[in-house]
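Enquirer: For our numbering, add 6 to where a residue sits in the sequence shown, where the first one is 1.
Glycine included, C-beta positions come from ideal geometry on N, C-alpha and C.
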Amino acid sequence: MKVRVVQSASDDRPLWIDDCLHSVEAWAATNQFEYRFLDDHFFEILPHWYRQKVAGRGPILADLARLLHLKAALEEGVDRVLWCDADTLLLDQQWRPSLTPHTCFGEECWLQYDKTGRLEVRRQPHNAFMFFSQTSPVLDFLRYATESIIRRADPAHIAPQMVGPKLLKALHSIVDFDLEPSAGAVSPVLLDALLRADSQVVDVFRRRVKSPPKLVNLCASLLVDKAIDVHELRRIIGAQF
Numbered sequence: 007m008k009v010r011v012v013q014s015a016s017d018d019r020p021l022w023i024d025d026c027l028h029s030v031e032a033w034a035a036t037n038q039f040e041y042r043f044l045d046d047h048f049f050e051i052l053p054h055w056y057r058q059k060v061a062g063r064g065p066i067l068a069d070l071a072r073l074l075h076l077k078a079a080l081e082e083g084v085d086r087v088l089w090c091d092a093d094t095l096l097l098d099q100q101w102r103p104s105l106t107p108h109t110c111f112g113e114e115c116w117l118q119y120d121k122t123g124r125l126e127v128r129r130q131p132h133n134a135f136m137f138f139s140q141t142s143p144v145l146d147f148l149r150y151a152t153e154s155i156i157r158r159a160d161p162a163h164i165a166p167q168m169v170g171p172k173l174l175k176a177l178h179s180i181v182d183f184d185l186e187p188s189a190g191a192v193s194p195v196l197l198d199a200l201l202r203a204d205s206q207v208v209d210v211f212r213r214r215v216k217s218p219p220k221l222v223n224l225c226a227s228l229l230v231d232k233a234i235d236v237h238e239l240r241r242i243i244g245a246q247f
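#1: Determine, for Trp-101, whether the minimum Cβ-Cβ distance to residues of chain B falls below 9 Å.
#2: Expressed to the nearest angstrom, what Euclidean distance is found between the alpha-carbon atoms of Ile-51 and Phe-247?
#3: Should His-163 be labelled buried (16 or more other beta-carbon atoms within 10 Å of its own) or exposed?
#4: Does the beta-carbon distance from His-108 to Ser-139 come in below 9 Å?
#5: If we require 4 or more residues per run, which alpha helix (DSSP H) segments fall completely within the segment 31-88?
#6: For Arg-19, which option in Ser-205, Ile-66, Arg-240 and Ala-233 has the closest C-alpha, if you only look at C-alpha atoms?
#7: Assuming Arg-10 is part of the beta strand (DSSP E), what are its boundary residues?
#8: Using DSSP bridges, identify the partner residues of Asn-223.
#9: In the DSSP assignment, what residue or residues form a beta bridge with Cys-110?
#10: Is the beta carbon of Phe-262 less than 9 Å from the beta carbon of Cys-90?
#11: Tell me the residue span of the alpha helix (DSSP H) that contains His-163.
#12: Under 9 Å between the Cβ atoms of Arg-240 and Leu-95?
#13: Pop quiz: Ile-243 and Leu-200 are said to be a contact at Cβ under 8 Å. What is the actual Cβ separation, rounded to whole angstroms?
#14: Using only the alpha-carbon positions, how far apart do Arg-259 and Val-192 sit?
#15: Would you call the segment 219-228 in contact with the segment 97-107, where contact means no fewer than 3 C-beta pairs closer than 8 Å?
#16: Following the continuous alpha helix (DSSP H) through Pro-20, name the residue where it begins and the one where it ends.
#17: Going by alpha carbons, who is nearest to Ala-176 out of Asp-160, Glu-238, Val-195 and Ala-151?
#18: Check the C-beta distance from Leu-73 over to Leu-145 and give it rounded, since I have them as a contact under 8 Å.
#19: Have a look at Asp-235 and Ala-203 and give me their C-alpha separation to the nearest angstrom.
#20: Can you give me the start and stop residues for the alpha helix (DSSP H) that Leu-177 sits inside?
#21: Locate the alpha helix (DSSP H) running through Gly-244, then write down its first and last residues.
#22: Between Val-210 and the rest of its own chain, which residues show a CB-CB distance below 6 Å, the 5 nearest in sequence each way excluded?
#23: Check each candidate in Asp-46, Asp-45, Asp-69 and His-47 and name the one with the smallest Cα separation from Tyr-56.
#24: Excluding the five sequence neighbours on either side, which residues of its own chain have a C-beta within less than 7 Å of the C-beta of Gly-170, listed in chain order?
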């Protein structure tokens, strides 16, 4: 089976993102997956009208661009194409996800405080990790849905996650996608608890996860402190799980 892993990142990125990228590239090599990195030309694949309407909104531009690049990879003949966001850290280089489903997304247990200040965990899909096969009916539909939503949306009222995580969560509640629990995410609340060794907060998260995380998205866009020691974080997570 020919599998390609695709990633992209801006040339203007913090050093810790490079550490994350290297971890994914090394993981791909360990599993004998083809690795493809896309630079700042990543957005050139987008339709002109889409680029104009959401100009300057990087996440929304990326939501469609990644789908188009993944489709292009399948058209080049790979059997599976897998996407990892640039701020995704591989924790276990020997991990190999099940590639049986035609479509799969990551599953995050999102640790946060609710409106009353109590900790809660929301289990939900995320698109920082996803893969599609040649037979996937989902990839083309996501492209169609993304373009349709943005085409009809009022430019002044386009939410940052409208055609990314929000769309994915809405669809998952109806069609029940295959999710990979080992491909999770670290919320800012969880990251802070891990770095401070706050076992009470971490335990709330640990009780909800189905399996130890093998890769995690670090949610760079939500971080107040943009500097992360990913090697230390990998050690901390390994000790906790």
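Expert: In terms of the structure at hand:
#1: Protein chains in the displayed structure number just one, and chain B is not present.
#2: For the purposes of this step, residue 51 is identified with residue 45 of the sequence shown, where counting begins at 1. For the purposes of this step, residue 247 is identified with residue 241 of the sequence shown, where counting begins at 1. So the two alpha carbons sit approximately 40 Å from each other.
#3: For the purposes of this step, residue 163 is taken as the residue at position 157 of the sequence shown. With fewer than 16 other Cβ atoms from the protein chains shown falling within 10 Å of its own Cβ, His-163 counts as exposed.
#4: Residue 108 sits at position 102 when you count from the first residue of the sequence shown. Residue 139 sits at position 133 when you count from the first residue of the sequence shown. Cβ atoms of His-108 and Ser-139: closer than 9 Å.
#5: Entirely contained in the segment 31-88, the alpha helix (DSSP H) runs reaching 4 residues are, in chain order, 54-59 and 64-81.
#6: For this step, residue 19 is matched to residue 13 along the sequence shown. Closest option to Arg-19, judged by alpha-carbon separation, among Ser-205, Ile-66, Arg-240 and Ala-233: Ala-233.
#7: As a working mapping, residue 10 is identified with position 4 in the sequence shown. Where Arg-10 is concerned, the enclosing beta strand (DSSP E) stretches over 9-14.
#8: The residue given as residue 223 occupies position 217 in the sequence shown. Thr-94 and Ala-191.
#9: For the purposes of this step, residue 110 is identified with residue 104 of the sequence shown, where counting begins at 1. Beta-bridge pairing links Cys-110 to Phe-137.
#10: This structure does not reach residue 262, given that the chain is present from 7 up to 247, and the question cannot be answered.
#11: Reading the sequence shown from its first residue, position 157 is the one you call residue 163. For His-163, there is no enclosing alpha helix (DSSP H), as DSSP marks it with neither H nor E.
#12: Residue mapping note: residue 240 aligns to position 234 of the sequence shown, counting from 1. Residue mapping note: residue 95 aligns to position 89 of the sequence shown, counting from 1. In terms of Cβ geometry, Arg-240 and Leu-95 form a close pair [threshold 9 Å].
#13: As a first step, residue 243 is located in the sequence shown; it is residue number 237 there, counting from the start. As a first step, residue 200 is located in the sequence shown; it is residue number 194 there, counting from the start. Yes, Ile-243 and Leu-200 are in contact; Cβ-Cβ is about 7 Å, under 8 Å.
#14: Absent from the structure is residue 259, since the part of the chain shown begins at 7 and ends at 247.
#15: Look at the beta carbons and you see the segment 219-228 touching the segment 97-107: at least three pairs across the two are nearer than 8 Å.
#16: For this step, residue 20 is matched to residue 14 along the sequence shown. Where Pro-20 is concerned, there is no enclosing alpha helix (DSSP H), given that its DSSP letter is neither H nor E.
#17: Along the sequence shown, one-based indexing puts residue 176 at 170. Nearest neighbour of Ala-176 by Cα position, chosen from Asp-160, Glu-238, Val-195 and Ala-151, turns out to be Ala-151.
#18: On the sequence shown, position 67 is the one that residue 73 refers to. On the sequence shown, position 139 is the one that residue 145 refers to. That pair is a contact at about 6 Å.
#19: Within the sequence shown, residue 235 is the residue found at index 229, counting from 1. Within the sequence shown, residue 203 is the residue found at index 197, counting from 1. Roughly 15 Å between the two C-alpha positions.
#20: Along the sequence shown, read from residue 1 onward, the residue named residue 177 stands at position 171. DSSP places Leu-177 inside the alpha helix (DSSP H), whose first and last residues are 171-181.
#21: Taking the first residue of the sequence shown as position 1, residue 244 is located at position 238. For Gly-244, the enclosing alpha helix (DSSP H) starts and ends at 236-246.
#22: Taking the sequence shown and counting its residues from 1, the one referred to as residue 210 is at position 204. Exclusion of the five residues before and after Val-210 leaves Leu-125 as the residues of its chain whose Cβ lies within less than 6 Å of its Cβ.
#23: What you label residue 56 is simply residue 50 of the sequence shown in a count that begins at 1. Each of Asp-46, Asp-45, Asp-69 and His-47 was checked against the Cα of Tyr-56, and the nearest Cα belongs to Asp-69.
#24: Taking the sequence shown and counting its residues from 1, one reaches residue 170 at position 164. Sequence-distant Cβ neighbours of Gly-170 in its own chain, meaning closer than 7 Å and more than five residues away, are Pro-65, Asp-69 and Asn-133.
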